[in-house]
Amino acid sequence: MTKTRSKRQANQTLVARGPGDADMLHRALMIARMGYWRSIERTSPDLWLSPELVAIYDLEPGSAHVAMTRIRSRYLGDAPDRLKAAYYHCWDTGEPYVVEGDYRGAEDRVLTFAVYGEAERDAAGVITGVSGIVKDVTDERRALTRLAASQASLTDFVDTASDWCWETDTEHRFVDLSLKEHWTRSPGRRNFSSRTRRDMPIIPEDRAKMDEHFQDLEARRPFKDFVYSYLDPSKEGGRVSVRSSGKPIFDANGAFLGYRGTASDITQLRQAEELLNQRTAALREAHRMGKIGTWSYRLGSERVTLADECITLFGLEAATFDPTHANVLACFGASAAEQVIKLQREAIRSRTTQAIDVQVVRPDGSSADLALTCEPELDAAGEAIGIIGTVQDITERKEAQRQLEKLAYHDPLTGLANRALFKRELATVLDACFRKGTSGALLLLDLDRFKEVNDSLGHAAGDELLSKVGVLLRAELGRNAFIARLGGDEFAVLPDPTTGADDVEMLAARIVDRLCGPIQLSEGEAFIGATIGIAHLPIDGTTVDEAMRNADLALYMAKEAGRGRAMVFEPAYAQAVEQRLDLARHLRHAVEAGTLHAHYQPQVDLSSHKVTGFEALLRWNHPERGPIPPNEFIPIAESSGLIVDLGLWILREACTQARAWIDQGFKPRSVAVNVSPAQFWNMDFETAVSAVLAETGLPPHLLCLELTESLFVDHTEHRISRTLTALSALGVRLALDDFGSGYSSLGYLTRLPFDRLKVDRSFVDGISTRPEKRKLLGGIIALSRGLGMSVVAEGAELQAEVDVLADLDCDCVQGYVFSRPVPPETAPLIADAIERRFQTISPSLAPDDEAAFAAAPIGV
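This note's numbering numbers the first residue of the sequence shown as 193 and each following residue consecutively.
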């Protein structure tokens, strides 16, 4: 009898905190569908169950001590064996356990319970009992099952979804829609044609955004990732969300025709995100034991009733903390305390459960994120007499959200802000400029020769270089500057707000100088440079897009001016760039339409007086401007990437023409073609040359490829050597063009398989009257002789210059003194006339010497 009374007294200690505590605990446990149990003897066949657990197990009310066999018998499958084994294992070892199983309740309802058990020990560490809780996790399990099915549906959607295309007229009405089948079934589908987006049943909260969008359309601005929603009763949730991108289209005369773009249905994507959040919360709740505290407050009282778990969550000691209303609010801090009071008032006003997330700082200095829920406590008349609620530690979830946000707005490689965060900061700066009347600046920075580092040292070295550039920029600009990596090798800077407008250019020049030196990498030194475009704010841009566009124009002009410099935006840049872009568009059309032409300038051997070959030179007649000088359209082709197609066209055209001359009975003569460094970067050049020779049937030794010294700046020697060796093995002759005008290196001449040295025209001009030029040119010719190469002097315009070149033992001469570049049908006639003229008194030609010359502009 004494032993039974002792057991009952021990169990009653669980609820002996007082009527208020017991009632509060009972309500909290019933809300959470949770009860607790206890055993203080290993050999006892019974368990003591709390009233809440008796109710959960569907046992007779008042059943405090229940046989374990009776409880286990109602569990299904192997759950009884697992429960028994875990229970006695806990008694024997003290290890806590969790067993989950299905339970047959009243009316054959099958519920899922999670049983938690933990050993109790005395001061000496001896196990004196085992206690635990039982939690009804039926809803969580069913939720997980439903979520798994929803996840499968989401997977099917992602696997089959795709964008559709659309087009609008000048009034922004849809004229063509290629929608997916599930859109075709929409009742509003047939009405979308001949209607604008604004005519759709746009949801109220998106109407203002749609009006702003139409302002952009009227301004003919392109748009990207514009998201809007419209009502559709046939869809789950009654609405459809669409993400759309488009750009204006114009005819050849610049007249506006409408917009064209793509769109996608993102409704299910948004629903999937919500389901994913619910699944995460359900999984966390299903595997959490405890870590939730309850509290209650009687209106008008000075004190708050807090469970020990609440006090622990706040980092306090239950023995020393006085839970007055003021002290509890102080745990939240001033800002969060105001939110808590507002939450409680809303719960009382609406008679509903309210929730909020707050962050608190504990006495030890650590911070914690807490989720608070509360609901009103009502009396029999339905009047609010107090508030009850829970506190849950959600620090890990909030930290994960913060990490996700950091990933969304920061570049993972450099740690700098990414494009999205930078545009937000730029918008803030512009807003401050207008509100406070201040000014600022935007710097867009591109790294020069970054691609060379990637190609020569590998992408890992490129990534390391970008990281080091980020470090250098932070060190150079200070902590108050906002620095971002926009993508690739492009960076953006918003200088320290204290930087004056006059100091911005000095700052940019300092950055350029800092990045022009060698940067040490794991794989070796990297030599790069930087080019910067500057836009002053808000003068050069009142919106984010305008500011970035104008800074980008300044960057473009700085690149065109030679890179390695900084330039400030000028309004004239926009017109200049537009002209260049227009010229580039016409040039691309000319390449595609085949309206370019090749002219040929003879190369004369001074010893044999024979025309040994021609240089193929590109000519272009613009449909509106007429002939465009090569020095104007070639740089545009280089910067736009069109030079690769252009170079391949002139190579094929020259080889085809040289073969045609042979087939027409003219003596075989070589043809020289200029090669751009871009052709080495962007294509398998040796394969392309081999294919052209095979296609045209030109003997390889009649093709001479002229490469400028700029090739050595943009490429590694290994790649150059491999490509040139492969070309030489084909039988193609190689010439180093414009020798002496740029990056001259005798080392390259000794290691690479060049056959010919072509002296730049700057060395030939004035050679008949300037002895120092004769000496220099004589040294170049002697050098080429020592290396086994022939020499071609270009740009000779006077007979006196030809005489000096002959005295210096120059091999070949090319210039106006013999002939200008001429069309292909005239070139062989000019060559024959030059050779016949050498047989008379003077090799110099005049337009009226022979009838054959009437067909082309020759002579000086």
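Cβ atoms here follow ideal geometry from the backbone N, Cα and C, with glycine treated the same way.
Fair warning: this is a prediction, and the values are worked out from it, not measured in the lab.
Cutting at 8 Å between CB atoms, please list the residues of its own chain near residue i, excluding the five before and the five after it.
i, result
"A633", "L686, P687, T691, A693, V696, I726, A727, H728 and L729"
"I319", "W283, G286, A311, E312 and R313"
"L1000", "R966, L969, G970 and I973"
"P819", "R811, W812 and N813"
Considering only their Cβ atoms, is the gap separating residue j from residue i smaller than 9 Å?
i, j, result
"G987", "S954", "yes"
"M260", "P237", "yes"
"V704", "R757", "yes"
"G721", "D647", "no"
"K1066", "F418", "Summary: the structure shown does not reach residue 1066, with the chain confined to residues 193 through 1052, and so no result is reported for it."
"A927", "V984", "yes"
"V796", "I1026", "yes"
"A870", "G889", "no"
"L834", "R780", "yes"
"I989", "V1014", "The sequence given here places Glu at residue 989; Ile does not occur at that position. No, Cβ-Cβ distance for E989 and V1014 is not below 9 Å."
"Q584", "I484", "yes"
"S323", "S255", "no"
"A609", "E597", "no"
Spatial neighbours of residue i within its chain, please: C-beta separation below 7 Å, excluding the five flanking residues on both sides.
i, result
"I248", "R225, G227, V326 and D328"
"K276", "R264"
"A592", "none"
"V621", "G632, L686 and L729"
"T362", "F448, L449 and G450"
"L916", "L926, L944 and P945"
"N866", "E898 and D929"
With 16 other CB atoms within 10 Å as the buried threshold, where does residue i fall?
i, result
"R537", "exposed"
"F877", "buried"
"H405", "buried"
"N742", "buried"
"F366", "buried"
"K401", "exposed"
"F642", "buried"
"G321", "buried"
"H479", "Reliability fails at H479, whose pLDDT of 38 lies under 50, so the model's placement of it is uncertain and the value that follows must be treated cautiously. H479 should be labelled exposed."
"H778", "buried"
"I533", "exposed"
"K950", "buried"
"G516", "Going by the sequence as given, residue 516 is Thr instead of Gly. With fewer than 16 Cβ atoms within 10 Å of its Cβ, T516 is classed as exposed."
"M759", "buried"
"T360", "buried"
The beta strand (DSSP E) with residue i in it runs from where to where?
i, result
"T327", "The displayed chain sequence assigns Lys, not Thr, to residue 327. Here the beta strand (DSSP E) through K327 covers I319 to D328."
"F642", "From DSSP, F642 is part of no beta strand (DSSP E) but of the alpha helix (DSSP H) over F642 to L649."
"C896", "L895 to T900"
"Q546", "Q546 to V553"
"L926", "R925 to F931"
"S488", "I484 to R490"
"F674", "F674 to G679"
"S559", "S559 to L570"
"K416", "F415 to L423"
"S231", "M226 to S231"
Assuming residue i is part of the alpha helix (DSSP H), what are its boundary residues?
i, result
"S832", "P822 to S832"
"C523", "H517 to S542"
"P763", "P763 to A785"
"N445", "No alpha helix (DSSP H) contains N445, which DSSP labels as neither H nor E."
"Y748", "V736 to E752"
"P272", "A271 to T285"
"A1025", "A1019 to F1030"
"C1002", "Taken as a continuous stretch (DSSP letters only), C1002 belongs to no alpha helix (DSSP H), as it is neither H nor E."
"I248", "P243 to I248"
"I263", "M260 to S265"
Suppose the cutoff is 6 Å on Cβ atoms and the five residues either side in sequence are ignored; what does the same chain contact list for residue i look like?
i, result
"E292", "A306"
"R234", "W283"
"A220", "T486"
"L505", "G485, V583 and D585"
"V246", "S255"
Checking contacts by CB at 9 Å: is residue i closer than that to chain B?
i, result
"I842", "The chain inventory of the structure shown lacks chain B, comprising one protein chain alone."
Below 8 Å, can you find three or more Cβ-Cβ pairs linking the stretch 1001–1013 to the stretch 770–781? no
With three or more beta-carbon pairs closer than 8 Å as the criterion, would you say the stretch 803–814 touches the stretch 835–848? yes
Tell me whether the stretch 488–495 and the stretch 543–552 touch, counting them as touching only if at least three CB pairs, one residue from each stretch, are closer than 8 Å. no
Counting Cβ pairs closer than 8 Å, one from the stretch 731–739 and one from the stretch 654–673, do we hit at least three? no
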